[in-house]
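The structure appears below as structure tokens.
Numbering (the working numbering), first residue to last: 9 to 206.
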């Protein structure tokens, strides 16, 4: 029961935030939410869809792990502006990954204003398409809808995780090892012959 309440309260509070904004196309907000909001099924998907209809969800900032909650909890900042109507306000969402390949933040290494410098440049750019930053990605509303309205997007390749697609073909690797072993065997036999002749 407690777990169900924990899930309901943040999402209903979040709904209250965006629904209470004046629908004049100018009222805006930024809200910090845990990762599970971005991909939760059922009511979570309905809330994301409602948000993207009523508001222009223009930016999602993927924050480093553990800076707002307990260590290991992943959070995001959603930036949105309430539309003048209650439908079709989000056309595209820009994601900025401030999480992947970042140092660990905590008491000894606090997150500082300068860590947001590149995000601020991308966020404030007159033309975000001109932003040359691997951390910045755009997804259309159609692409998001095709993924079940999931907002769990925009993370870049994690250099610390082995990508199995980048590994060489195992058959070719095995052939190369066998060829190397045969060559080594030939060299050992030659050395053995020379030692006999001494």
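Quick reminder that beta carbons are idealized off the backbone N, C-alpha and C, glycines included.
Query	Result
Three-state secondary structure (DSSP) at residue 16?	At residue 16, the pLDDT of 41 sits below 50, so the modelled position is not reliable; the number obtained from the coordinates is stated separately. Helix, per DSSP.
Please work out which residues of its chain come closer than 7 Å, Cβ to Cβ, to residue 141, disregarding the five sequence neighbours upstream and downstream, and give them in chain order.	126 and 130
What residues match up with residue 186 in a beta bridge as DSSP calls it?	Bridge partners of residue 186: none, in fact.
Give the range of the beta strand (DSSP E) segment to which residue 154 is assigned.	Run containing residue 154: none in the beta strand (DSSP E); it sits in the alpha helix (DSSP H), 149–154.
Answer with buried or exposed for residue 205, where buried requires no fewer than 16 other C-beta atoms within 10 angstroms of its C-beta.	exposed
Would you mind stating whether residue 1 and residue 98 have Cβ atoms separated by less than 7 Å?	With the chain running from 9 to 206 in the structure shown, residue 1 is simply not present.
Just verifying my parser: in three-state terms, what is the DSSP assignment at residue 111?	coil
Sort 182, 45, 148 and 162 by Cα distance to residue 83 and report the nearest one.	45
What number of angstroms, rounded off, separates the C-alpha of residue 60 from the C-alpha of residue 186?	57 Å
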